[in-house]
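FYI, the working numbering numbers position 171 of the sequence shown as 180, with every residue one higher than the one before it.
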Amino acid sequence: MIAALSVFALALAATPPSDDDDGRWITRHHPVRGLWELGTFAGAFIIAKPHDFYDTQLGYRRLRRGAPDVGARAAYYPLAFLGIEGEFAAMWSAAEYGGQPAFLYGLRLQAVLQLPSYRVTPFVLGGYGIGGVRSSRDAFGNDIDPLGHYGGGVKLFANRWVALRLEGRHVIGPAAQQRRRIANHGEVLFGVSVTLGRGGRSRQSAAVEQAPPDADRDGIVDVHDRCPAVAGTLADGCAPIDSDADGILDRFDACPQAPGTDATGCTPDPAEPGPATPVEPTKLPEPPAG
10 MIAALSVFAL ALAATPPSDD DDGRWITRHH PVRGLWELGT FAGAFIIAKP
60 HDFYDTQLGY RRLRRGAPDV GARAAYYPLA FLGIEGEFAA MWSAAEYGGQ
110 PAFLYGLRLQ AVLQLPSYRV TPFVLGGYGI GGVRSSRDAF GNDIDPLGHY
160 GGGVKLFANR WVALRLEGRH VIGPAAQQRR RIANHGEVLF GVSVTLGRGG
210 RSRQSAAVEQ APPDADRDGI VDVHDRCPAV AGTLADGCAP IDSDADGILD
260 RFDACPQAPG TDATGCTPDP AEPGPATPVE PTKLPEPPAG
């Protein structure tokens with residue numbers, strides 16, 4: 010199943026860019042709210058020596074430390090940065106001494122917190138579930154125990170349909186019938202998921218791509234912009250210009266190259282002097298005769 014899904018993922022990754030491939034490479038296909046991730050994974054489960062994967066009536070026996078680990082998962086992200094995920098995992102191990110086979114399994118639910126701005130998406134997770142063992146009575150018998158886990162990793166959204174995922178986890182459980190002791194297991198996983206729920210974003214991006222061009226990004230499309238290469242604030246797409254810095258825009262200035270003092274943007278000619286007013290001579294009184 011892993012091999013088939015991997016081939017499917019590679020085929021989808023080789024498809025031409027989709028409608029939402031706008032912007033830089035690193036921002037394409039980044040996580041969005043309402044996204045579903047359905048996938049499988051494979052890796053290794055590292056079993057602690059003081060484990061509790063056995064029937065308590067049979068007694069403790071060691072398991073081989075490394076076990077192949079495969080499973081399936083489904084996740085829903087109501088928010089671009091937060092999702093809830095369920096998983097089923099299957100692992101195969103055997104007694105360290107004697108070699109009797111044992112089938113281990115896990116069923117868990119977890120919260121995933123991620124950085125959704127880019128297609129390369131770091132994440133952390135934490136959750137709780139159960140882990141069990143099924144084997145013959147001469148090996149480990151059957152048993153189920155609670156298990157908690159936390160971890161982190163990184164996703165790569167190869168295109169709008171496929172995501173690749175690599176992660177590591179710390180799995181915590183009871184240990185060897187001593188409930189106050191803790192078994193520290195480890196898990197390393199690589200997964201491939203199909204992502205669903207991008208339909209609305211694809212249509213939105215297509216609508217953006219079909220919008221009329223606006224080279225200077227001033228909100229006035231080029232066909233109606235009198236200044237298409239320079240961003241403007243006026244209705245015709247041009248910036249307000251006052252060449253003579255007299256406070257009156259050139260489009261309203263009768264003298265755009267010379268600063269003016271009146272409302273037209275010009276300086277009126279100085280008034281010509283009028284004719285001089287004649288002055289009557291003052292007649293002094295005659296001195297008395299004598």
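C-beta: ideal position from N, C-alpha, C; glycine also.
Asked                                                                                                                           : Found
Nearest candidate by alpha-carbon position, reference residue 67, set 127, 144 and 277                                          : 144
Nearest-angstrom beta carbon gap, residue 81 and residue 49 [assumed within contact, 8 Å]                                       : 5 Å
Residue 137 versus residue 41 - alpha carbon distance                                                                           : 25 Å
Assigned secondary structure, residue 208 (DSSP; H/G/I helix, E/B strand, else coil)                                            : helix
DSSP-derived helix/strand/coil call for residue 130                                                                             : strand
Closest by C-alpha distance to residue 149, when choosing among 135, 104, 167 and 160                                           : 104
Residues that DSSP places opposite residue 99 in a beta bridge                                                                  : 79 and 114
Completely contained beta strand (DSSP E) runs for the stretch 156 to 194, where each covers 3 or more residues                 : 171 to 184
Cut-off 6 Å between Cβ atoms - residues of its own chain near residue 375, not counting five sequence neighbours on either side : Given that the chain is displayed from residue 10 to residue 299, the structure contains no residue 375 and the question cannot be resolved.
Residue 257 versus residue 229: straight-line alpha-carbon distance, rounded                                                    : 24 Å
CB contact flag (residue 47, residue 205, <9 Å)                                                                                 : yes
Residue 109 versus residue 157 - alpha carbon distance                                                                          : 27 Å
Rounded straight-line distance, which links the Cα of residue 169 to that of residue 163                                        : 17 Å
Backbone secondary structure at residue 36 - three-state DSSP                                                                   : helix
Nearest-angstrom Cα separation, counted from residue 249 out to residue 263                                                     : 16 Å
Short Cβ contact (9 Å threshold) for residue 139 with residue 117                                                               : yes
Beta-carbon separation (whole angstroms), residue 89 vs residue 115, contact threshold 8 Å                                      : No, residue 89 and residue 115 are not in contact; Cβ-Cβ is about 28 Å, not under 8 Å.
Residue 149: first and last residue of the uninterrupted beta strand (DSSP E) it sits in                                        : Taken as a continuous stretch (DSSP letters only), residue 149 belongs to no beta strand (DSSP E), as it is neither H nor E.
Run of the beta strand (DSSP E) containing residue 6, from where it starts to where it stops                                    : The first residue shown for the chain is 10 and the last is 299, placing residue 6 beyond what the model contains.
Helix, strand or coil at residue 139 [DSSP, three-state]                                                                        : strand
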